[in-house]
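Quick notes on the structure that follows.
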Amino acid sequence: MVTNHDGAIVDVAKALAAAGLDPQIAGSMQVVIEGGADCLATIRSAAEAYAGDPLPIGEVRLLAPLPRPVQMRDCMCFEEHLTGSMQGAMRLTGQTEPPERSRRMHEVFKVRPIYYKANRMAVTGPDTDVHWPAYSKVMDYELEMGCVIGTTGRDISREDARAHIFGFTIFNDFSARDTQGMEMESGLGPSKSKDFDRANALGPWIVTIDEFYPDNAAMTVRVNGEVRSVGNSSTMTVHFEDLIAFISRSETLHAGEILGSGTVGGGCGLEAGKLLADGDVIELEVEGIGVLRNRVFAAKQEEQV
């Protein structure tokens, strides 16, 4: 557990043991999520009472907060990104008119939330290296938030949706843009443009909903220390409550699932007209959550097909 006041790490297993409690109460993040509010309160109480020294955050390696989510769905919540990415794709391909599928997507976006099932097996954490797949030469980042579902439910009303949220993390939805353009022509959505090892970066941790809600949070991209874009969560056209209500219609939404917000307006290289290069360090920051940092490496030339 990360402490608020000094950014240090408390070993929850040791804190629980010192309090005479079973450390397996916090055996994994999934266990904590499924344990609900009572479990989280017990962990916090034990951590606050723990007499041991916390570890400086620089002395530990942070892993993905949910290395194997129950499910991942990446949604499209920012209309500004939908428009900007279409314009960016036109610049990239030299088109002067938007393709028909882009116009259709805008029409669908106006009447219902859009999402696809992301690859939950391709998750990586902060400060890891992402090696680009050999079939792609166009590397891109996407600054998103990940909403972690805390309470299982079905047919959840919009009014009750917030009570089903555990917390939030940062999500970098790495995208192979050259492959994506071809795949989207099929009408089935992305596949290998999103499905490669470490394509879904999550972190640096999950901030619980009692401490953060994305009503008005700055969202910033830096590449090699240079600010590439600054957006804000307040520009969401579709909100997490809308997603939860829509997705849970006649379907059970499970504790431990992640709903991606989609990219904030301006939050990808395609929109900015400046994609990633070999060795670039990408920092995605969401005010109130933290910074998710990764380095990307291009596939070796002889491996590309």
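Its first residue numbered 762, the sequence shown is counted upward by one per residue in our numbering.
We put the CB at the ideal spot given by N, CA and C, even for glycine.
Boundaries of the alpha helix (DSSP H) in which residue i is found, first to last residue
{"i": "I1050", "result": "Taken as a continuous stretch (DSSP letters only), I1050 belongs to no alpha helix (DSSP H), as it is neither H nor E."}
{"i": "I1008", "result": "F1001 to I1008"}
{"i": "Q1030", "result": "The displayed chain sequence assigns Gly, not Gln, to residue 1030. Element bounds for G1030: G1030 to A1033."}
{"i": "V909", "result": "Taken as a continuous stretch (DSSP letters only), V909 belongs to no alpha helix (DSSP H), being part of the beta strand (DSSP E) at L904 to I910."}
{"i": "L1122", "result": "With the chain represented from 762 up to 1066, any question about residue 1122 goes unanswered, as that position is not in the structure."}
Nearest-angstrom Cβ-Cβ length linking residue i and residue j, presumed shorter than 8 Å
{"i": "M900", "j": "A1059", "result": "7 Å"}
{"i": "E905", "j": "S1022", "result": "5 Å"}
{"i": "Q832", "j": "H1015", "result": "7 Å"}
{"i": "V884", "j": "P830", "result": "7 Å"}
{"i": "E1044", "j": "A979", "result": "The Cβ separation is near 13 Å, so there is no contact."}
{"i": "G992", "j": "G1028", "result": "6 Å"}
{"i": "G942", "j": "A850", "result": "7 Å"}
Close beta carbons around residue i, own chain, < 6 Å, minus the five adjacent residues each side
{"i": "V1042", "result": "N985 and R1056"}
{"i": "T969", "result": "G928"}
{"i": "D888", "result": "R1054"}
{"i": "V999", "result": "C838 and P874"}
{"i": "G950", "result": "Y877"}
Pair within 8 Å by beta-carbon distance, residue i and residue j
{"i": "G1017", "j": "I931", "result": "no"}
{"i": "I875", "j": "M837", "result": "yes"}
{"i": "I770", "j": "P815", "result": "yes"}
{"i": "A879", "j": "K955", "result": "yes"}
{"i": "A823", "j": "W966", "result": "The amino acid occupying residue 823 in the given sequence is Leu; Ala does not appear at that position. In this structure, W966 lies closer than 8 Å to L823 by Cβ."}
{"i": "A825", "j": "G768", "result": "no"}
{"i": "T1024", "j": "D890", "result": "no"}
{"i": "R919", "j": "A1006", "result": "yes"}
{"i": "E903", "j": "S936", "result": "yes"}
{"i": "E1046", "j": "G845", "result": "no"}
{"i": "I804", "j": "V763", "result": "no"}
{"i": "L963", "j": "R834", "result": "no"}
Beta carbon proximity, residue i to chain B, threshold 8 Å
{"i": "V771", "result": "Absent from the structure is chain B; it holds one protein chain and no more."}
Where the beta strand (DSSP E) through residue i begins and ends
{"i": "L1020", "result": "I1019 to G1021"}
{"i": "G928", "result": "I926 to D934"}
Any non-hydrogen atom of the ligand MG within 7 Å of residue i CB
{"i": "A807", "result": "Ligands are entirely absent from the displayed structure, and the ligand MG is therefore not among its contents."}
Nonlocal neighbours in the same chain, by C-beta distance under 8 Å from residue i, ignoring five residues either side
{"i": "A1038", "result": "M900 and A1059"}
Cβ-based neighbour list, residue i, same chain, cut-off 7 Å, excluding 5 preceding and 5 following
{"i": "A778", "result": "P784"}
{"i": "G1030", "result": "D901, Y902, L1036 and L1037"}
Item to check | Whole beta strand (DSSP E) elements within the stretch 822–899, 3-residue minimum | outcome: Segments of the beta strand (DSSP E) lying fully in the stretch 822–899: 833–837, 875–878 and 889–892.
Next on the checklist: Report the start-end ranges of each alpha helix (DSSP H) in the stretch 945–1005 that is 4 residues or longer and not cut off at the edges.
Outcome noted: Runs of the alpha helix (DSSP H) spanning 4 or more residues and lying entirely within the stretch 945–1005 do not occur at all.
Checklist entry - At which residue ranges does the stretch 788–825 contain complete alpha helix (DSSP H) runs of 4 or more residues, listed in the order of the chain? => result Here the runs fully enclosed are 790–810.
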